[in-house]
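Have a look at the structure below before the remarks.
Residue numbers (the UniProt record's numbering): 1 to 271.
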């Protein structure tokens with residue numbers, strides 16, 4: 001029952017984040033031009049609404065038919081994987097841009113991402129296929145519940161941790177190169193490369209890897225995964241919003257300088 005309260009807390013945190021960033025997000029949706037990245041942002045940002053509906057279905061529908069429960073759990077897990085993959089795509093695209101659209105980096109990212117996604121999907125379906133699906137223990141409500149394997153879930157977390165460790169490593173390599181060339185403050189270079197978004201995601205993945213080892217209670221593995229999906233989605237979309245607003249601020253500043261120069265008289269220009 002306690003994991004139900006954790007889901008309520010995750011949902012409340014998610015809604016609070018939406019409310020806090022509503023103005024920035026509305027400005028982005030209204031002013032930005034339509035690109036593939038914008039479509040990716042919208043899907044990543046609003047896919048959780050579908051996950052919430054799926055979670056309610058899992059906990060409220062009659063569960064006499066275990067096959068129906070298994071299908072719903074498969075759909076929920078697959079959509080979670082899509083949300084996680086799209087969130088990681090923003091970090092990968094940022095690294096690709098930092099490395100000046102280097103094709104070798106792109107090939108490495110795509111290859112690693114393909115292996116990670118394919119393996120994760122296989123592990124997810126194996127977890128569900130080998131899980132014991134039972135009726136919900138909530139009094140008066142019939143729903144679907146399942147007990148996943150701790151070892152398989154640990155593998156799922158490890159794969160994600162390794163992928164994020166690779167992203168952080170590529171970012172740090174570029175940070176060190178930029179720092180040596182610019183000879184500026186290291187903190188400013190780290191901020192410019194958005195290293196803190198990557199570090200938060202990596203830290204959370206490390207916690208999820210250690211939790212199944214320290215606390216072998218399988219009831220919380222699904223909650224940990226959903227919390228990680230939520231945090232990574234927030235980090236990825238917030239980073240993209242931050243970069244877009246920063247770009248808009250620079251464009252507005254350049255436009256203001258050009259306008260000021262055009263407004264100057266010929267006498268002022270010759271002084």
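The beta-carbon is built from N, C-alpha and C at its ideal position, and this holds for glycine as well.
CB contact flag (residue i, residue j, <8 Å)
i           : j           : result
residue 152 : residue 173 : no
residue 206 : residue 168 : no
residue 24  : residue 245 : yes
residue 6   : residue 223 : yes
residue 237 : residue 44  : yes
residue 76  : residue 55  : yes
residue 197 : residue 250 : no
Spatial neighbours of residue i in its chain, beta-carbon cut-off 8 Å, leaving aside the 5 residues before and after
i           : result
residue 81  : 117, 120, 121 and 124
residue 268 : With a pLDDT of only 47 at residue 268, under the threshold of 50, the placement of this residue in the model should not be trusted; the figure read from the coordinates follows. Same-chain partners within the cutoff: there are none.
residue 241 : 21, 24, 25 and 28
residue 57  : 72
residue 103 : none
Nearest-angstrom beta carbon gap, residue j and residue i [assumed within contact, 8 Å]
i           : j          : result
residue 171 : residue 98 : 7 Å
Closest Cα partner of residue i within the set the options
i           : options               : result
residue 154 : 251, 181 and 208      : 208
residue 95  : 10, 228, 243 and 35   : 243
residue 51  : 83, 22 and 101        : 83
residue 145 : 156, 131, 157 and 158 : 131
residue 129 : 67, 48, 36 and 248    : 67
residue 48  : 14, 35, 36 and 32     : 14
residue 211 : 158, 100 and 78       : 158
residue 79  : 53, 101 and 166       : 53
Buried or exposed (CB count within 10 angstroms, at least 16 for buried), residue i
i           : result
residue 233 : buried
residue 92  : buried
residue 230 : buried
residue 71  : exposed
residue 73  : buried
residue 161 : buried
residue 194 : buried
residue 20  : exposed
residue 114 : exposed
residue 156 : buried
Neighbourhood of residue i by C-beta, 6 Å cutoff - its chain only, sequence neighbours within 5 removed
i           : result
residue 201 : 164, 232 and 235
residue 106 : 96
7 Å CB neighbourhood of residue i in its chain, flanking five on each side removed
i          : result
residue 40 : 86 and 89
residue 10 : 226, 227 and 230
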